[in-house]
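Protein sequence lines, in the order shown, are assigned to chains V and B. Numbering of the first sequence is given in my numbering, commencing with residue 1 and proceeding in unit increments. Numbering of the second sequence is given in my numbering, commencing with residue 1 and proceeding in unit increments. We treat Cβ as the ideally placed atom computed from N, Cα and C, and that holds for glycine.
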Amino acid sequence: MPRKEMLPLVAQAAALVGMDGMLNRLPYELSGGQKQKVALAGVLHGRVDILLFDEPLASLDPKAGMDAMEMIDNLRRDLEVTTLIIEHRLEDVLYRPVDRIIVLNAGRVVAEGSPDDILKSRVLKQYGIREPLYVSALMDIAPDIPLPEGPLDQPGALNLSAYREAFTKFIQVEPPAPSPEKGEPLMAVQGVTFAYEDVPVLQNVRLTIHPGERIALMGENGAGKSTLARLLCGVERPVQGRILWQGKDYTTMSIAQLAQKIGYVMQNPNQMLVKDIVIQEVRLALELRRFPKEETERRVRQALTLTGLYPMRNWPIGALSYGQKKRVTIAVMLALEPSILILDEPTAGQDFAHYTEMMTFVEKLSKENAMTVLFITHDLHLALEYTDRAVLLSRGQIIADGNTFDVLCDETLLLQASLKKTSLMEMAQKLNINASAFVRRFTAFERGLARG
Amino acid sequence: MDNRFIIPLIPGRERLQRLTGATKVRLFTATLFVLMVSFDLRILIPGLVLQCVLLASIHPSLHKLRFIIVFIIITNAINILLFFLADPLIGSKLAGSTTVLFSLSSHFPFTGETLWYFFARLSKIASVFVASLWFALSITPSQLASGLYSLKFPYKVCTMISLGLRYIPDILRDYENTKAAMQMRGLELDPKKTSLGARLKQTTLILFPLVIITFEKVGVIANAMELRGYGQGKKRSYYCEPETTRDDIVVQILAAALFLVFAVYIVTGWISPHPDLWYPFR
Chain V
1 MPRKEMLPLV AQAAALVGMD GMLNRLPYEL SGGQKQKVAL AGVLHGRVDI
51 LLFDEPLASL DPKAGMDAME MIDNLRRDLE VTTLIIEHRL EDVLYRPVDR
101 IIVLNAGRVV AEGSPDDILK SRVLKQYGIR EPLYVSALMD IAPDIPLPEG
151 PLDQPGALNL SAYREAFTKF IQVEPPAPSP EKGEPLMAVQ GVTFAYEDVP
201 VLQNVRLTIH PGERIALMGE NGAGKSTLAR LLCGVERPVQ GRILWQGKDY
251 TTMSIAQLAQ KIGYVMQNPN QMLVKDIVIQ EVRLALELRR FPKEETERRV
301 RQALTLTGLY PMRNWPIGAL SYGQKKRVTI AVMLALEPSI LILDEPTAGQ
351 DFAHYTEMMT FVEKLSKENA MTVLFITHDL HLALEYTDRA VLLSRGQIIA
401 DGNTFDVLCD ETLLLQASLK KTSLMEMAQK LNINASAFVR RFTAFERGLA
451 RG
Chain B
1 MDNRFIIPLI PGRERLQRLT GATKVRLFTA TLFVLMVSFD LRILIPGLVL
51 QCVLLASIHP SLHKLRFIIV FIIITNAINI LLFFLADPLI GSKLAGSTTV
101 LFSLSSHFPF TGETLWYFFA RLSKIASVFV ASLWFALSIT PSQLASGLYS
151 LKFPYKVCTM ISLGLRYIPD ILRDYENTKA AMQMRGLELD PKKTSLGARL
201 KQTTLILFPL VIITFEKVGV IANAMELRGY GQGKKRSYYC EPETTRDDIV
251 VQILAAALFL VFAVYIVTGW ISPHPDLWYP FR
């Protein structure tokens, strides 16, 4: 095809996904959502009959996820194409209407029907997929009340008045507030500013980390979350400001020394694993530090047992699934017995069953070993369920730092950090009950149910 | 840390950079042919001047290039010194005459021919280096591919080359991350604390995961390209290639002229062989 014919077609495809002004940008300059739009535009040439999206929402922040769904829906309408979306973040997909939901399990179709039917049948939970939270809330809190009229996949249109009484009663049983005992700070970030070349990434960041805390570090793609983590473990050093470890400036400590205090588990396990066999991988860090033999073996055994990898210790790394590799990377850092563990997107791209397994395990770790855990995540549910404190970053600045429920139920803050309010909040607002209390109560309630 | 490498992904705004990939590849290839053919300063000096003019015309940032320029100067200085130590009469042998200017000792006479030879050698290296710089700074990986394709290279080879260049920054970023991960696990890469041998051995530990990640990427990219119908046709066209302008035609004629110089030099060489080194002061 001559270039003259190409130009308008490219412009047209780019315009369809709203990227027409950005054709000359470098791929590195694009956000995750924009890259996805480009990838989509790349397959729009010619006459496409079916568009298939394989986990379009993975690794997008919630706001970008909503934009992606909106774009997919608009394309379907404008081009009149059949659209198939493969996802396990069902609630986010249902932000725009779909005609059918098909549930697959172990290679078989186990359920198929309209969203309304599927949601009502509760088949999702059975196969390890998270139901939309408002659906769980309606059916679990008040199982006796008949479900409201109208399609269940459009929460905005549901008439919930019948639930007001039950829900008001529900939040009156306050769960015990988590005990706020804080020791001496482990780490203090004091007015830290950081820039790559001349591009500022973090500005005047202040943060104090205490022993035993579980903190969620959240913010839009590119807000500086991973950079902050790299600063904490010394891979990058502040341009301005100081970072203190137990009151002492950490500049004199090398990355290797800091790693015995702060373990950073990166997002991509493949960037961390270098050996052939699981046990060698875990042993490596101790061998490089010339630990005595018995101490090495004790720590390796402990790290492998804690992560549930002990039976697989002699497996080749190549034979492991992505989630298992992720665990190995956690075991690798645990063997150094750090006081703080940083987990970068621990659950990205995993279905609900694996997600729950991973998080239960991390929670056990933090409780039994009084370890501070810092989660870097986009997942509001993860933060609400497993952390006590949330720190929101937006454009390199901390815009909120406090109790998870209070921070994540503040609509203005969520908007600023490109996060999406949960459907639970929306429901609480509709019923005119206290959103923070409702979310807190419901989270505790669901965990009670899960444990039986 | 996004684009500190010298591979440009967006064509620049200068005249030379706005030429088509086909023109730039032709000009560069013809230049290399002419510069490589001999140690004849009558060809090398105008060549060097032309290359410097071309490089200056794209206003390169010398700050970014400082490292590579210093590197090239040092390695070539060592190279020349070794040549001299190995055979002080190398220029005389090539030129077929000996003019001793002065001698440090009977083993190391300085002949005019040898100095002339080293001067020619340096001019040749400098002009090839300067040519490579303007070429690297003014062509994007895609334009390089389309340029090679216009010289009848199979387009799959061209795609391989352009993809390879395009992914160097990505691979370097993976390398940085893996290096950081290994340092956290206790790998000491500080030159003050570890010997060179130990550091080399440890660097191989980083390369292993890098290869794995890169292979994964190759698989993904291959699938993505196949899905978009890559490789179905026998021919292809390039989106990145701008329309041919008058500048292109002028430069292509210049490239042809350069190639003609090369051809004339070769042909006259057949008829009556040139001396290996042209030396005017015998």
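Checklist entry - Are the segment 91-104 of chain B and the segment 164-176 of chain B touching by the rule of at least three beta carbon pairs closer than 8 Å? => result no
Checklist entry - Closest Cβ-Cβ distance between R395 of chain V and chain B: below 8 Å? => result no
Checklist entry - Are the C-beta of L273 of chain V and some C-beta of chain B separated by less than 8 Å? => result yes
Item to check | alpha helix (DSSP H) segment containing I225 of chain B, residue limits | outcome: Note that residue 225 of chain B corresponds to Met in the displayed sequence, not to Ile. Where M225 of chain B is concerned, the enclosing alpha helix (DSSP H) stretches over 196-227.
Item to check | Same chain only: Cβ atoms within 6 Å of D2 of chain B, ignoring 5 sequence neighbours per side | outcome: Residue placement at D2 of chain B cannot be trusted, given a pLDDT of 41 that sits under 50; the coordinates are not used to answer.
Checklist entry - How many Å lie between E14 of chain B and R242 of chain V at the Cα? => result 44 Å
Next on the checklist: Cβ closer than 8 Å: which chain V residues qualify as neighbours of R238 of chain B?
Outcome noted: Note that residue 238 of chain B is Tyr in the sequence shown here, rather than Arg. In chain order: R3.
Checklist entry - The beta strand (DSSP E) spanning L158 of chain V covers which residue range? => result That residue, L158 of chain V, is in no beta strand (DSSP E); it is neither H nor E in DSSP.
Checklist entry - Does the Cβ of P27 of chain V have 16 or more other Cβ atoms within 10 Å, making it buried, or fewer, making it exposed? => result exposed
Checklist entry - Given a limit of 9 Å on CB to CB distance, which residues of the segment 11-29 of chain V reach chain B? => result N24, R25, L26, P27, Y28, E29
Checklist entry - Can the beta-carbon of M358 of chain V be found closer than 8 Å to that of T347 of chain V? => result yes
Item to check | Contact set between F208 of chain B and chain V, taken where Cβ atoms lie within less than 8 Å | outcome: V274
Item to check | Distance CB(V25 of chain B)-CB(L151 of chain B) smaller than 8 Å | outcome: yes
Next on the checklist: For I101 of chain V, list the residues DSSP reports as bridge partners.
Outcome noted: V:G113
Checklist entry - Can you give the beta carbon distance from K275 of chain V to L284 of chain V, rounded, assuming they're within the 8 Å contact cut? => result 6 Å
Checklist entry - Taking just the CA atoms, how far does L365 of chain V sit from I213 of chain B? => result 30 Å
Next on the checklist: For the beta strand (DSSP E) containing T372 of chain V, name the first residue and the last one.
Outcome noted: 372-376
Checklist entry - Can you tell which of V:A353, V:N314, V:F361 has its C-alpha closest to the C-alpha of I330 of chain V? => result V:F361
Next on the checklist: Rounded to whole angstroms, what is the Cα-Cα separation between T98 of chain B and F281 of chain B?
Outcome noted: 10 Å
Checklist entry - Who does W245 of chain V pair with in a DSSP beta bridge? => result V:M187, V:K248
Next on the checklist: Does Q267 of chain V pass the burial test, meaning 16 or more other C-beta atoms within 10 Å, or should it be called exposed?
Outcome noted: buried
Checklist entry - chain B partners of I255 of chain V, CB-CB under 8 Å? => result A180, Q183, M184
Checklist entry - By the 10 Å Cβ neighbour count, where 16 or more other Cβ atoms means buried, how is H378 of chain V classified, buried or exposed? => result buried
Item to check | Integer-rounded CB distance, given that P148 of chain V should sit under 8 Å from A162 of chain V | outcome: 7 Å
Next on the checklist: Just verifying my parser: in three-state terms, what is the DSSP assignment at V192 of chain V?
Outcome noted: strand
Next on the checklist: By the DSSP assignment, the alpha helix (DSSP H) with S136 of chain V in it spans what residues?
Outcome noted: 133-141
Checklist entry - In this structure, what does DSSP give as the bridge partners for V265 of chain V? => result V:L343
Checklist entry - Secondary structure at P56 of chain V, three-state DSSP: helix, strand or coil? => result coil
Item to check | Close-in-space but distant-in-sequence residues of the same chain around K421 of chain V (CB under 7 Å, 5 per side omitted) | outcome: E411, L414
Item to check | Minimum Cβ-Cβ distance from R15 of chain B to chain V less than 8 Å | outcome: no
Item to check | Neighbourhood of T23 of chain B by C-beta distance below 7 Å, restricted to the same chain and skipping five residues each side | outcome: D248, V251, Q252
Checklist entry - Looking at C-alpha atoms only, which residue of V:Y310, V:H210, V:P292 is the closest neighbour of K261 of chain V? => result V:H210
Next on the checklist: According to DSSP, D401 of chain V sits in a beta bridge with which residue or residues?
Outcome noted: V:V391
Next on the checklist: Just to confirm my understanding: we take N432 of chain V, look at its own chain, exclude 5 residues before and 5 after, and list those with CB closer than 8 Å. What are they?
Outcome noted: R164
Item to check | Sequence-distant residues of its chain with Cβ nearer than 6 Å to L51 of chain V (five each side left out) | outcome: V81, T83
Item to check | Buried/exposed call for V199 of chain V, threshold 16 Cβ in 10 Å | outcome: exposed
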